[in-house]
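A.B. asks: Quick note, the sequence shown lines up with residues -28 to -1, 1 to 192 if you use mature numbering (1 follows the signal peptide of the UniProt record, and there is no 0). Here's a structure for you.
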Amino acid sequence: MPALLPALRRASAAALLLTAGAAAPAYAPDSAPCERHLKPAHTYHAHRQTFTTDDAGRPAEALARKLVDRSAPRTACQSTVGEWGGRGDWNGGHLIAASFDGVGLRYNLVPMRGRQINQGLMKRVEDGARACLEGDGAVTDYRVRLRYPGRTALVPDQIRISLSASRTLEFALPNRELTAKELRTRQEEIAKAFQEFCGNGIGRQQMIRRNVVGSLHARP
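In structure tokens, the structure reads:
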């Protein structure tokens, strides 16, 4: 019997490692082609984040349990996805930003309006979340959900962003061309919301225990 103990210990340790590996998504990204449709109703893992497709194989949801301020490489797939938006100002926009370690693979990319949404209002939300990471701050359960206007559409008409907190902030960001006044007003609204969310006027624990929800409405 004593001779069996080392073997049993090794078997137990191996089982624990396998269980831990199954419980936490791997850091290395799952591979995926840069194509319009991926595996339907499938979950991909990358950089300890999870990405889910709908039953048509389009990106449907992205989740980072803990947001990190770390850059991931850019890829050629961004340009390809941006072209699917058609004529006009379109980008292949990240659901979880590359600056938050979001991968440049199809399951994390959808066509988004360029300067005003992907590089504009959505970036404002991301910059606000990044400000909350300063010092000992934390942002958890950063989730992006997509809605499409039809089964064949590749461009989502709504993007909802939420992150863990103790109160709720809501943003309704239209994914269309905005007037200069509209754009400025929305930029100021986002900046003010996050200043209250992570500003110097409130305590650190209050800053990191709030809930932010963003809704982006797209009109191709």
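Idealized CB from N, CA, C, for every residue including glycine.
DSSP on residue 66, reduced to helix/strand/coil?
C.D. replies: Three-state result, residue 66: strand.
A.B. asks: Cα separation between residue 103 and residue 56?
C.D. replies: Cα to Cα, the separation comes out at about 32 angstroms.
A.B. asks: Am I right that residue 135 and residue 101 are in contact with their C-beta atoms under 8 angstroms? What's the rounded C-beta distance?
C.D. replies: Correct: roughly 6 angstroms between the Cβ atoms.
A.B. asks: Beta carbon of residue 75, beta carbon of residue 118: below 8 angstroms?
C.D. replies: The answer is no: Cβ separation not under 8 angstroms.
A.B. asks: State the beta-bridge partners of residue 155 as determined by DSSP.
C.D. replies: Its beta-bridge partners do not exist; DSSP assigns none.
A.B. asks: Would you check if the distance between the CB atom of residue 114 and the CB atom of residue 68 is smaller than 8 angstroms?
C.D. replies: Taking 8 angstroms as the Cβ cut-off, residue 114 and residue 68 qualify as a contacting pair.
A.B. asks: For residue 79, name the three-state secondary structure that DSSP assigns.
C.D. replies: Residue state, collapsed to three classes: helix.
A.B. asks: Buried or exposed: residue 96, going by 16 or more other Cβ atoms within 10 Å of its Cβ?
C.D. replies: When all chains shown are included, residue 96 counts as buried.
A.B. asks: Report all residues from its chain with a CB closer than 7 angstroms to the CB of residue 121; omit the five preceding and five following residues, and keep chain order.
C.D. replies: The residues are 129.
A.B. asks: Quickly, what does DSSP pair residue 33 with across the bridge? List them, please.
C.D. replies: For residue 33, which the question treats as bridged, DSSP gives the partners 24, 117.
A.B. asks: Spatial neighbours of residue 32 within its chain, please: CB distance less than 8 angstroms, with the 5 preceding and 5 following residues excluded, ordered by chain position.
C.D. replies: Counting only Cβ-Cβ distances below 8 angstroms, and skipping sequence neighbours, we find 24, 25, 26, 117, 118.
A.B. asks: Out of 40, 146, 9, which has the shortest C-alpha to C-alpha gap to residue 92?
C.D. replies: Cα-wise, what sits closest to residue 92 is 146.
A.B. asks: Could you name the residues of the same chain whose beta carbon sits closer than 8 angstroms to that of residue 12, not counting the 5 residues immediately before and after it, in chain order?
C.D. replies: Within the same chain, residue 12 has close Cβ partners 25, 26, 27, 28, 29.
A.B. asks: Could you check which residue in 71, 153, 131, 22 has the C-alpha nearest to that of residue 42?
C.D. replies: Ranking 71, 153, 131, 22 by Cα distance to residue 42 puts 71 first.
A.B. asks: Below 6 angstroms CB to CB, which residues in the same chain sit around residue 47 once its five sequence neighbours on both sides are set aside?
C.D. replies: Closer than 6 angstroms at the Cβ level, and outside the excluded window around residue 47, lie 76.
A.B. asks: In terms of alpha-carbon separation, which member of 7, 35, 40, 19 lies closest to residue 106?
C.D. replies: Minimum Cα distance to residue 106 is reached at 40.
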